[in-house]
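Q:
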Amino acid sequence: MKAIVITEPGGPEVLQLREVEDPKIKDDEVLIRIAATAVNRADTLQRQGRHPPPKGDSEYPGLECSGIVEAVGKNVHRWKIGDQVCALVGGGGYAEKVAVPAAQVLPVPPGVSLQDAASFPEVACTVWSTVFMMSHLSKGETFLVHGGSSGIGTFAIQLAKYHGIKVFITAGSEEKLAACKDLGADVCINYKTEDFVSRVKEETGGKGVNVILDNIGGSYLQRNLESLNFDGRLFIIGFMGGLVAEINLGSVFAKRLTVQAAGLRSRSPENKALIVSEVEKNVWPAIAAGKIKPVVYKYFPLGEAVEAHQLIESSKHIGKIVLLVS
Numbered sequence: 306m307k308a309i310v311i312t313e314p315g316g317p318e319v320l321q322l323r324e325v326e327d328p329k330i331k332d333d334e335v336l337i338r339i340a341a342t343a344v345n346r347a348d349t350l351q352r353q354g355r356h357p358p359p360k361g362d363s364e365y366p367g368l369e370c371s372g373i374v375e376a377v378g379k380n381v382h383r384w385k386i387g388d389q390v391c392a393l394v395g396g397g398g399y400a401e402k403v404a405v406p407a408a409q410v411l412p413v414p415p416g417v418s419l420q421d422a423a424s425f426p427e428v429a430c431t432v433w434s435t436v437f438m439m440s441h442l443s444k445g446e447t448f449l450v451h452g453g454s455s456g457i458g459t460f461a462i463q464l465a466k467y468h469g470i471k472v473f474i475t476a477g478s479e480e481k482l483a484a485c486k487d488l489g490a491d492v493c494i495n496y497k498t499e500d501f502v503s504r505v506k507e508e509t510g511g512k513g514v515n516v517i518l519d520n521i522g523g524s525y526l527q528r529n530l531e532s533l534n535f536d537g538r539l540f541i542i543g544f545m546g547g548l549v550a551e552i553n554l555g556s557v558f559a560k561r562l563t564v565q566a567a568g569l570r571s572r573s574p575e576n577k578a579l580i581v582s583e584v585e586k587n588v589w590p591a592i593a594a595g596k597i598k599p600v601v602y603k604y605f606p607l608g609e610a611v612e613a614h615q616l617i618e619s620s621k622h623i624g625k626i627v628l629l630v631s
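Using the working numbering, you'd call the opening residue of the sequence shown number 306 and step up by one each time.
1. What residue from L533, G453, E446, I474 has the CA that sits closest to H468's CA?
2. Is it true that the CB of K471 sits closer than 8 Å to the CB of D500?
3. Where does F544 fall in DSSP's three states?
4. Rounded to whole angstroms, what is the Cα-Cα separation between F605 and S532?
5. Using only alpha-carbon positions, find the residue among G543, I494, F535 that is nearest to F558.
6. Among residues of its own chain, excluding the 5 on either side of L607, which ones have a beta-carbon nearer than 6 Å to its beta-carbon?
7. Who are the Cβ neighbours of E618 in its own chain at under 8 Å, not counting the five residues just before and after it?
8. Expressed to the nearest angstrom, what Euclidean distance is found between the alpha-carbon atoms of I623 and V436?
9. Are three or more beta carbon pairs between the region 512 to 527 and the region 406 to 426 nearer than 8 Å?
10. Measuring straight from C-alpha to C-alpha, what distance separates P328 and G396?
11. Taking only three categories from DSSP, how would you classify E427?
12. Let me check one thing: in DSSP terms, what residues is N495 bridge-paired to?
13. Identify whether D333 lies in helix, strand or coil by the three-state DSSP scheme.
14. My parser needs the alpha helix (DSSP H) runs of 4 or more residues fully inside the region 587 to 623; what are they?
15. Roughly how many angstroms lie between the CA atoms of E585 and V505, to the nearest whole one?
16. Expressed to the nearest angstrom, what Euclidean distance is found between the alpha-carbon atoms of A591 and D421?
17. In whole angstroms, what is the alpha-carbon distance linking V413 and F448?
18. I need the straight-line Cα distance from S556 to L336, nearest angstrom please.
19. Pair every Cβ in the region 449 to 462 with every Cβ in the region 567 to 579, then say whether three or more of these pairs are closer than 8 Å.
20. Tell me where the alpha helix (DSSP H) around R275 begins and ends.
21. What runs of the alpha helix (DSSP H), each 4 residues or longer, lie entirely inside the region 548 to 574?
22. Given a cut-off of 8 Å on the beta-carbon distance, is the pair K537 and L562 in contact?
23. With burial defined as no fewer than 16 other Cβ atoms inside 10 Å of the residue's Cβ, what is the status of K379: buried or exposed?
24. Between L320 and H614, which are expected to be in contact by the criterion C-beta below 8 Å, what is the C-beta distance as a whole number of angstroms?
25. Alpha carbon to alpha carbon, how far is V377 from I386? Give it in angstroms, no decimals.
26. Is the beta carbon of R338 closer than 8 Å to that of E375?
27. At what residues does the beta strand (DSSP E) containing F501 begin and finish?
28. Would the beta-carbon of E334 fall within 8 Å of that of P406?
29. Identify which residue in A484, G361, A476, P314 has its Cα closest to the Cα of T498.
30. Which full runs of the beta strand (DSSP E) of 3+ residues lie inside the region 385 to 432, going along the chain?
31. Express the C-alpha separation of I457 and L518 in angstroms, rounding to a whole number.
32. Identify whether R355 lies in helix, strand or coil by the three-state DSSP scheme.
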C-alpha cells in the first residue's frame, strides 16, 4: 500500500508518499481501506519528533480516518466486510489501509459523506471526553472554547449549542469570528484586540463561565482561572502557549476550581473504547439529526500532505483539513 512516511524529524517537507507493507490485523481488529483522513495539530508534532505513536500503533501519522471495512479479525462480530465506517486510530490514517481495534470504529453518521466522516472521530472523542464526560458541562451552563475556529472549536460550538449551553469563543480574525457566530457561538471575542477575561466577566455579570476548553496552556492559565465562575472547570488539551506558568492559587482555592489536562492518543485501548461507545450513544444522534455538521476547510489528495501541513501550521483555516486517500 501507499502511506505518508516521516523521513526524519522536521518541517512539512519531510513527509513523503511511499510504498510500504500492508498492515496485519489482530483477532480484535478490522482492516479499513481508507477513503479519507483528517489533519490534526498532533500530526505536526509527530512530524517534528515530539509526539510518537503509542506502542503497537502504526508509525505513520493520522489519528482518524473513514473508509470501507476490508477484513475482520476472528473475534470481531459487529463489523463486516463492506461496512462504511470511520475510526479513531493511534496512527496510520495517512495511508491506504489501517488496522484498527474494532471498539474504536464507528458507523458513518447518516447524512454525512464517507469523505467528510473522517473529520469527526478525533474532535468528537476529544470534546465529548473532556467537556462532557470529565468536566460535566450541562444544560444552562456557560462554556468558553479557545480557538473557536479550529477543528475542535467548530465541533465544540455545535455540540454545546445542541445541549442548550451558552457558548463563548476566542479567535484571531473577523472572518473566524463570523464563522463561529454562524455555527451558533453566542459571544465571539477577538483575542488580538480584546482582553477575553474582561469580556467574559462583562457578559456573565462578573461571575465567569462554568467550563473552559483550552489548547493554549501556559500563557493563558492565570487568565483562564480568572475567567471561571465558582466550581468552574478548566480542561487543557494543548500547549501552543507553552508548558510552564506561574499562577495565584488563591483563585483556585476561593472559587473551588478544577484544573484538568489530558490527551486522547495516549489513553489505554479500554479507555478509548469507552469514549467511542459514549460518542456513538450521545453525539452521533446529533449528527444524524443535522444539528452538527462537518466543517471542512479544504480537501487535499494524500500525496499533498506537505501542503496540508503547511496550511494547518499557518492557522489560516476554519474547521478541518481532509486528505482524500481513495
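Ideal Cβ positions, reconstructed from N, Cα and C, are used throughout, including at glycine.
A: For this structure:
1. E446
2. no
3. coil
4. 38 Å
5. F535
6. L628, V630
7. P317, T349
8. 21 Å
9. no
10. 12 Å
11. helix
12. A476
13. coil
14. 589 to 593, 610 to 619
15. 32 Å
16. 16 Å
17. 28 Å
18. 50 Å
19. no
20. Residue 275 lies beyond the residue range present for the chain, which begins at 306 and ends at 631; the question has no answer from this structure.
21. 554 to 559
22. Per the sequence shown, the amino acid found at residue 537 is Gly instead of Lys. For G537 and L562, yes; Cβs fall inside 8 Å.
23. exposed
24. 7 Å
25. 7 Å
26. yes
27. Taken as a continuous stretch (DSSP letters only), F501 belongs to no beta strand (DSSP E), being part of the alpha helix (DSSP H) at 501 to 508.
28. yes
29. A476
30. 389 to 393, 402 to 406, 410 to 412
31. 10 Å
32. coil
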